[in-house]
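In short: position in the sequence shown from 1, add 61, done, that's my numbering. Note that CB positions come from ideal geometry on N, CA and C, so glycine has one too. Have a look at the structure below, then the notes.
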Amino acid sequence: MSRWALPEGAIARLGQGIFSGITFSMDESTVATWSRLGVWLYDAATLTLFDLLATERGWITHVAFSPNDALIAVGNQDGDIKVWDRHTQRYVSKMERVRNSPLNCNSVNRLVFSPDGHLLASSGGRYDSVYVWHHESGEQVAEFTVDESLKPRFPPGFIPLSFSPDGTLLAAATPEHTISIWDLEAKKRIAYLKGHVDLVAELIFSPCGQFLTSADRNGILHEWDVHKIAEMASAVGFSELPTYATGPTKLAYFTDGTFIAAGNHESTVTLWDPKRGNKLRTLRSERCPFPVCFSPQTLQLVLSGKRDLSDEIQLWDIGETSPQRSLSIREYTSPCGAVTFSPDGKILAAGHWNGRICLWDIQRLKRLKTFGTGNTSAVNSLDFSPCGKQLASGASDSTIKIWDIEKVEVPLAAFTADQKEDQVWGACVAFLPSGGLVCAYSKGHLSVWDGEKKRTAFPIGTARRPKISVSPDGKQVAVAHFSENQAELYDVETGQLLVELCLAKEREPAKYSGDALRVQAYLRLVKKTVERNPAQVVGPIIFSPCRTVIAGGLLGEIRLWDATTYEVLKVFCPPHGCQRVGALTFSPCGRYLVSGASWMNTDQMSIRLWEVATGENIATFWGHSTDVQDLAFSPDGTLLVSGSYDGTLLLWDMKPYL
């Protein structure tokens, strides 16, 4: 649980966002990790957290310390780069990668300071431009591009960079497994190195500046004599260094110039001297270790669980046979797909995309237990039984499980889709007041279960990713289809389709609520829209607790229907940037509705509290860096929890508003 940099209105944060990377400060006093929330700073000696930076946008993709450790450069998914003063904890300059590229193409992939600390270079997630700035002023001093015809259709997502020790040259991976070297003063490419047969994943200059070593993602190392190729337009000559690695390799130099490499080999990490071909040490760990980075001075090596980053990262002194310290990354979770409170309000359950479910003690704000669904399929639906002793989960592989929350090692029951085509886009679950379970599968049908006995099953169309809501009396179930753009009500007992809710765009101004200018703009758009083009379903559909209203999230609006006549009651218009309504929940009293936005090129996602009777947006909260995936009220209505694609949960105090 974290209270670092809490947004206004939030009382706690559960989780630290999705772990993306780790690095050391140059003096090795600080360890920085970054996630979709921000940059977390730890004391390297004790691994005690002491600060959180860069939360105003989040979605951090890379971090670098300046050579004198006075500055921290932080890049994000949007292409923004901020340089922070490490001591004042304020950013002193800001730079931007190109903004007119397709989605995710301008992401900051690597950041590297020049040896004198005056320049900052950045690469993106594609083989696009490499930018160099004077970070003090934010002035761009160089932009190096590659031939458009050479760019692959599927870029690697990592473009390594390296400055020469004197700061005059910059090396970067380029398309077709090549390496380019640019002269920074002349602002031109002076070498084009060919030899690798796979993606180049690591680059490092020797301390003397004569040699450049490159490693591809299969652990093959090439050494290039820069003095011999500096005047050549293209070069293929290299020395292939002996390697014990079978995967991505990390490279480093001792202060005395000794070269060292670390890479995976037979479920271990092997350290070796590539120049001599000598194996130095094998590091063994039960977690299938994967090398992440070296520290800059004493050459500690950071290992994680292979690829999935496990629950901890280990810091090894390379002369030892066991890790000296471990940093838990248990709170760096994967995207949150579902949240729900137990009926007594004491436990919060959260389902994540890595297949894990976390139970939290709300009073103590402590994690009670974490358990998996038996695979890595995303958990996108959760519901407690009326007695609160059982929890149902629905996963993206259309697996549904029921868990005893006291004994979570093995599920009490498990159901799968009856048809193979259902096992693609997931399942949604909801308990009936009687204790029965309603399960909706993608591309197929809806089933009602009493324990392990199927009571009834009926088709619900061919739509993907259905969202369901059971009426408070348990007699009806509402189903929202994203891909088929439908919203329907069914009788739970008979499976009869009761009604298909109207999605035609409402043309009566009196039914609209929200910002007046936004409503007028939306109505102008509606008037230009042909009748057969309905509003697009993008969010869930839910019953109010008193069963008088049904609410649905549509593109550009939140629509309320009368739960008896099924007529459109009201249309709420969220403001610009918040029109994709990804989550909805009613307050327990039914007087208020909360909506959560999905990303639409905004820095933070909004969570809006609406008064149902008037349509007034009475409060707005900001705190997640990307999609709000789910929302839930505590049974007494005092707390609201939001689960996000950024991997965190936020608890909001609702007492001032309800």
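Cβ neighbours of residue i in the same chain (closer than 7 Å, five flanking residues each side left out)
i	result
His123	Gly82, Gly136, Val169, Asn170, Arg171, Leu172
Arg428	Cys419, Trp421
Pro303	Pro335, Gly338
Gly497	Val509, Trp510, Asp511, Arg516
Gln597	Asn546, Leu615, Leu616
Gly178	Ser127, Pro128, Asn129
Leu164	Bear in mind that the predicted position of Leu164 carries a pLDDT of just 46, short of 50, making it too unreliable to give a figure here.
Leu362	Ala323, Pro352, Phe355, Trp377, Ile379
Nearest candidate by alpha-carbon position, reference residue i, set the options
i	options	result
Leu376	Thr84, Ser127, Glu561	Thr84
Ser389	Phe355, Gly76, Val642, Asp664	Gly76
Gly119	Val598, Lys143, Val330	Lys143
Cys563	Ile619, Glu554, Gly556	Ile619
Glu381	Thr331, Gly412, Ile408	Thr331
Lys155	Ser175, Asp177, Asp130, Ser183	Ser183
Phe80	Leu113, Gly256, Tyr393, Pro384	Tyr393
Gly99	Met87, Pro68, Ala106	Pro68
Gly556	Asp714, Leu507, Leu264, Ser574	Leu507
Glu284	Arg278, Trp333, His257, Ala501	His257
Pro128	Glu89, Phe315, Arg386	Glu89
Asn325	Phe543, Ala658, Cys354	Cys354
Ile602	Lys588, Leu550, Phe633	Leu550
Leu230	Val632, His238, Lys248	Lys248
Leu443	Ile423, Ile408, Leu264, Leu426	Ile408
Arg391	Asn415, Ile240, Pro717	Asn415
Buried or exposed (CB count within 10 angstroms, at least 16 for buried), residue i
i	result
Arg585	exposed
Arg368	The predicted model places Arg368 with a pLDDT of 43, which falls under 50 and marks its position as unreliable, so this point remains unresolved.
His637	exposed
Ile321	buried
Lys311	buried
Val702	buried
Thr687	buried
Gln150	exposed
Asn662	exposed
Gly318	exposed
Gly433	exposed
His685	buried
Reduced DSSP category for residue i - H, G, I as helix; E, B as strand; rest coil
i	result
Leu558	strand
Ile290	helix
Pro352	strand
Lys588	helix
Arg428	strand
Val580	helix
Pro357	coil
Lys572	helix
Leu692	strand
Phe111	strand
Phe622	Here residue 622 turns out to be Trp, not Phe, going by the sequence shown. It is a strand residue.
Met666	strand
Asn546	coil
Pro601	strand
Gln451	strand
Leu164	At Leu164, the pLDDT of 46 sits below 50, so the modelled position is not reliable; the number obtained from the coordinates is stated separately. In the structure shown, Leu164 sits in coil (DSSP, three-state: anything other than H, G, I, E or B).
Asp259	coil
Gln484	Its pLDDT being 44, under 50, Gln484 is placed unreliably by the model, and nothing is read from it.
Leu719	coil
Ile521	coil
Same chain, Cβ closer than 6 Å to residue i, neighbours up to 5 away in sequence not counted
i	result
Asp691	Ala399, Val400, Ala644, Gly704
Phe215	Residue confidence for Phe215 is low, a pLDDT of 49 falling below 50, so the modelled location carries little weight and cannot support an answer.
Ser605	Phe647, Gly651
Gly70	Phe682, Trp713
Ser387	Glu373, Gln375
Val538	Val499, Ile529, Val531, Tyr551, Val553
Cutoff 8 Å; reference residue i; Cβ partners in own chain excluding five residues on either side
i	result
Lys430	Cys419, Leu420, Val469
Leu630	Lys572, Val610, Leu621, Trp622, Asp623
Thr109	Tyr103
Ser190	Arg158, Val159, Glu204, Phe205, Thr206
Ala518	Asp479, His506, Leu507, Ser508, Val509, Gly556
Residue i - partner residues in DSSP beta bridges
i	result
Arg171	Ser184
His413	Cys397
Met156	Ile142
Trp713	Ala71, Leu701
Trp95	Gly82, Val100
Asn129	Answer is none; Asn129 lacks a bridge partner.
7 Å Cβ cutoff, residue i in contact with chain C
i	result
Ala134	As a matter of chain content, chain C is missing from the structure shown, which is built from one protein chain.
Cβ-heavy atom distance, residue i to the ligand ADP, below 6 Å
i	result
Gly308	The ligand ADP is absent from the structure shown, which contains no ligands of any kind.
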